[in-house]
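In this note's numbering, the protein residues as written are 110 to 271. Ideal placement from N, C-alpha and C gives every residue a C-beta, glycine not left out. Below you'll find the structure, written out as structure tokens, and then a few comments.
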Ligand code: MG
């Protein structure tokens, strides 16, 4: 078994919708980034790569590469997962936290969970998703940014290459 952790932060700016967890949520702000800035999928991607000791999302998809501008984070997560499978691992489960003051995540939680499960070809019961506010303090509480964290568990399917 291998455990991995991922963490990401993206700044908020005016204008919606908000791309988060592979879906577009109606909101008056969106996240800034070189790709589609999906902070949750980036944290998941880093957790998977980290558990397999394959580096991080920035090494796979550098922001200096024009090909990655506006790139779909769902596509990046899928590609990273494929690489993890090739390296001899199977994803067991993930558990994630979204830190955001607004919008309320509860109405979108099941849709996000099912979308992540679809991207990772996992049963939805293996995707944990929680949301916390910033209690009106810090970068989350002041609505300057959204932060996401993910832990994942991989099991070896073959002798790993690393
Ligand atoms: Mg990111």
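Could you check where the beta strand (DSSP E) with residue 276 kicks off and where it finishes?
The chain is shown only over 110 to 271; residue 276 falls outside these bounds and no answer can be derived.
Do you know whose CA, among 250, 186, 161, lies nearest residue 144's CA?
186
Determine, using beta carbons only, whether residue 121 and residue 253 come nearer to each other than 8 Å.
yes
Decide if the stretch 170 to 188 is in contact with the stretch 134 to 150; the criterion is three or more beta carbon pairs, one per stretch, under 8 Å apart.
Between the stretch 170 to 188 and the stretch 134 to 150 there are three or more C-beta pairs closer than 8 Å, enough to call the two in contact.
Give, in chain order, every unbroken run of the alpha helix (DSSP H) that is at least 4 residues long and sits entirely within the stretch 144 to 168.
148 to 160
Enumerated in chain order, which unbroken segments of the beta strand (DSSP E) with a length of 3 residues or greater are wholly contained in the stretch 175 to 220?
Taking only runs of at least 3 residues, the beta strand (DSSP E) segments lying wholly in the stretch 175 to 220 are 198 to 208.
Just tell me which of 236, 233, 209, 238 has its CA closest to the CA of residue 245.
209
For residue 114, count neighbouring Cβ atoms within 10 angstroms of its own Cβ and tell me buried if that reaches 16, exposed if not.
exposed
Judging by CA-CA distance, which residue of 216, 261, 212, 248 is the nearest neighbour of residue 118?
248
Have a look at 126, 130, 112 and flag the residue whose alpha-carbon is nearest the alpha-carbon of residue 206.
130
Helix, strand or coil: which one does DSSP assign to residue 251?
coil
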